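Chemist: Could you have a look at this structure, given as structure tokens, before my questions?
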Amino acid sequence: MSTIWVILIAVGALIAGVALGFFIARKYMMNYLKKNPPINEQMLRTLMMQMGQKPSQKKIKQMMRSMNNQMDNK
């Protein structure tokens with residue numbers, strides 16, 4: 002009878018640890034991506050030039066603001 006309890010506690014602790022680890026890792030990655038966005042203004046300018054567009058500073062700021070708003074909404 003005590004062996005069953007040991008196994009149940011071990012399985013419960015394993016499940017709780019996996020769930021807790023997942024949420025901690027998710028929170029860490031969300032904060033990391035908010036502080037270090039994957040695309041910056043220079044990358045955006047290069048991308049627009051490769052697509053054949055002449056990027057203005059106003060257009061780049063507008064696109065960055067739009068991407069930041071999308072990140073905040075998620």
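Residues 2 to 75, numbered by this note's numbering, are exactly what the sequence shown covers, in order. Note that the Cβ used here is the ideal one computed from N, Cα and C, for glycine as well. Quick caveat: nothing in here was measured; it's all calculated off a predicted structure.
Looking only at its chain, what residues have a beta carbon closer than 6 Å to the beta carbon of M49, apart from the 5 residues adjacent to it on each side?
Modeler: Sequence index remark: in the sequence shown, residue 49 carries index 48 (1-based). Cβ neighbours of M49 beyond the five flanking positions: P56.
Chemist: With C-beta atoms as the reference, is M72 less than 9 Å away from K35?
Modeler: Residue numbering aside, residue 72 sits at position 71 when the sequence shown is read from its first letter. Residue numbering aside, residue 35 sits at position 34 when the sequence shown is read from its first letter. Contact flag set, yes.
Chemist: From which residue to which residue does the alpha helix (DSSP H) around Q63 run?
Modeler: As a working mapping, residue 63 is identified with position 62 in the sequence shown. Residues 58-74.
Chemist: In the DSSP assignment, find the alpha helix (DSSP H) that holds K55 and state where it starts and stops.
Modeler: Here residue 55 refers to the residue found at position 54 when the sequence shown is read from its first residue. No alpha helix (DSSP H) contains K55, which DSSP labels as neither H nor E.
Chemist: Spatial neighbours of N45 within its chain, please: C-beta separation below 8 Å, excluding the five flanking residues on both sides.
Modeler: Translated into the one-based positions of the sequence shown, residue 45 becomes position 44. Checking the displayed sequence, the identity of residue 45 turns out to be Leu instead of Asn. Once the five neighbours on either side are set aside, the close Cβ partners of L45 are P56, I61, M64, M65.
Chemist: Have a look at M30, Q58, Y29 and flag the residue whose alpha-carbon is nearest the alpha-carbon of E42.
Modeler: Along the sequence shown, read from residue 1 onward, the residue named residue 42 stands at position 41. Looking at the Cα atoms, Q58 is the closest of the given residues.
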